[in-house]
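Sequential numbering of the sequence shown, starting at 1, is according to the working numbering.
Idealized CB from N, CA, C, for every residue including glycine.
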Amino acid sequence: MAFTNFMATTSMALFYLLLLLIPSSNCADLDSHHDHEVPKSDVDLLEFPLNLEYFEAELFLYASLGYGLDKVAPNLTLGGPSPVGARAANLGPLIKDIILQFAYQEVGHLKAIKKTVKGFPRPLLNLSADSFAQVVDKAFGYALKPPFDPYANELNFLLASYLVPYVGLTGYVGANAKLQGSVSKRLVAGLLGVESGQDAVIRALLYERAHKKVEPYEIIVAEFTNRFSELRDRLGHDGLKDEGLVVPRHLGAEGKIEGNVLAGDVYSVAYDRTPEEILRIVYGSGDAGVPGGFYPKGGDGGIARSYLRSV
């Protein structure tokens, strides 16, 4: 009997010991990191992409639903001002469905970043048709007539969307090499995967229409994308890091093809950009310290503010 009691007691003790050794689902939850598991050197690098994630979330939400974060997830805005000029786009069922998927993915991205670092309120965004028209005019070097309207039809909106995820993904590629923590690297790798997918879908949809004329301009889609990419390279001031849908053969994969549904360097590896390059592009000024374009008052977070203070 004593031996039986001893074995029962021992088994119970082992059972409780195992319970202590098994990680709690709460402890292992990736949603509960915040700054205490993120090296200080990583915090600004993880917060900076919020500037573009806010942009994408609002653009895609408004285009597909006619309203944005203020209705879908007001807690994520942290009281930041509502975007200027955003509205529903004239989209067919398929494109509307895809853009709505993108929209909710961007909501998820905002949540993921804010559960890892504190973040900052939504910056003021100018998503008006006039704002996009100014970018398009700058890309072509003259004013298109009538002014380009991203919300007028689905082809225009796909072209406007071409301006967005690719800049963000090059930023994630650039940030990844500078990150120190495993939590930070895992987050950025996951964000990069989905942003790259969005860019690939947009480029594929446009590539299918590469030789279609964008009305009423009589300019084909491929020319629009090439002009947009050239503009981003000019504003970025750091060489070739952007390519349109149709390129000279020597810039295509292995220097053997002109079709360029995915952009990449000589090894077909994604290009990288620094936060400074990204600010130069999204401000439309070519200067990280001079806000404008889609960000009338500039971006937020330590990195963006540091450039604004330096001017």
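1. Please say whether L69 and A57 have beta carbons closer to each other than 8 Å?
2. Can you tell which of E195, G252, G190 and G286 has the C-alpha that lies nearest to the C-alpha of A103?
3. Suppose contacts are defined by Cβ-Cβ distances below 8 Å. Is A89 in contact with A63 by that definition?
4. By how many angstroms is the C-alpha of K118 removed from the C-alpha of I315?
5. With contact counted as at least three CB pairs below 8 Å, one residue from each stretch, are the region 39-55 and the region 90-101 in contact?
6. Compute the Euclidean distance between the alpha carbons of L91 and A152, then round it to the nearest angstrom.
7. Would you tell me roughly how many angstroms separate the C-alpha atoms of L251 and R305, rounded to the nearest one?
8. Name, in chain order, the residues that DSSP records as bridge partners for Y295.
9. On the DSSP bridge list, what partners appear for K213?
10. Could you round the C-beta distance between L191 and Y172 to whole angstroms and report it? I think they count as a contact, below 8 Å.
11. Does any C-beta atom of chain D lie closer than 8 Å to the C-beta of K111?
12. Identify whether N153 lies in helix, strand or coil by the three-state DSSP scheme.
13. Distance, Cα to Cα, E321 vs G168?
14. I believe R227 touches F140 by the beta-carbon criterion, under 8 Å. Please report the beta-carbon distance rounded to the nearest angstrom.
15. To the nearest angstrom, report how far apart K138 and A73 are at their CA atoms.
16. Excluding five sequence neighbours on each side, which residues of the same chain lie with their C-beta closer than 8 Å to the C-beta of Q105?
17. Quick one: using the 10 Å Cβ neighbour count with 16 as the cut-off for buried, is K40 buried or exposed?
18. What would DSSP say about V107, mapped onto helix, strand or coil?
19. Let me make sure I understand the geometry here. Which of H237, I278 and L155 has the alpha-carbon closest to that of A312?
20. Using the Cβ count rule (16 or more neighbours within 10 Å means buried), how would you classify Q180?
According to the structure shown:
1. Mapped onto the sequence shown, residue 57 falls at position 57. Mapped onto the sequence shown, residue 69 falls at position 69. Result yes, Cβ atoms of A57 and L69 sit closer than 8 Å.
2. Here the question's residue 103 lines up with position 103 in the sequence shown. Per the Cα distances, E195.
3. In the sequence shown, residue 89 corresponds to position 89, counting from 1. In the sequence shown, residue 63 corresponds to position 63, counting from 1. It is a contact, given that the beta carbons lie within the stated cut-off.
4. Any question about residue 315 goes unanswered here, given that the chain covers just 1 to 311.
5. no
6. On the sequence shown, position 91 is the one that residue 91 refers to. On the sequence shown, position 152 is the one that residue 152 refers to. Their Cα atoms are separated by approximately 9 Å.
7. Translated into positions along the sequence shown, residue 251 becomes position 251. Translated into positions along the sequence shown, residue 305 becomes position 305. Each residue's alpha carbon lies about 36 Å from the other.
8. If you number the sequence shown from 1, residue 295 lands on position 295. Bridge partners of Y295: G292.
9. Position 213 of the sequence shown holds residue 213. According to DSSP, which records beta bridges pairwise, K213 is partnered with I220.
10. The sequence position of residue 191 within the sequence shown is 191, counting from 1. The sequence position of residue 172 within the sequence shown is 172, counting from 1. Contact holds; Cβ gap of about 6 Å.
11. Absence of chain D from the displayed structure is noted, only one protein chain being present.
12. On the sequence shown, position 153 is the one that residue 153 refers to. Here N153 sits in coil by DSSP.
13. Residue 321 falls outside the range modelled here, since the chain spans only 1 to 311, and no answer is possible.
14. Translated into positions along the sequence shown, residue 227 becomes position 227. Translated into positions along the sequence shown, residue 140 becomes position 140. Between F140 and R227 the Cβ distance is about 6 Å, and since that is below 8 Å, they are a contact.
15. Along the sequence shown, read from residue 1 onward, the residue named residue 138 stands at position 138. Along the sequence shown, read from residue 1 onward, the residue named residue 73 stands at position 73. Whole-angstrom Cα-Cα distance: 34 Å.
16. Here residue 105 is taken as the residue at index 105 of the sequence shown, counted from 1. The answer, listed in chain order, is V194 and Q198.
17. To locate residue 40, count along the sequence shown from 1; it is residue 40. The residue in question, K40, is exposed, as its Cβ has fewer than 16 Cβ neighbours within 10 Å.
18. Position 107 of the sequence shown, counting from 1, holds the residue named residue 107. Three-state DSSP puts V107 in a helix.
19. As displayed, the chain neither begins before 1 nor continues past 311, which places residue 312 out of reach and without an answer.
20. Position 180 of the sequence shown, counting from 1, holds the residue named residue 180. Looking at its Cβ environment, which holds fewer than 16 other Cβ atoms inside 10 Å, Q180 is exposed.
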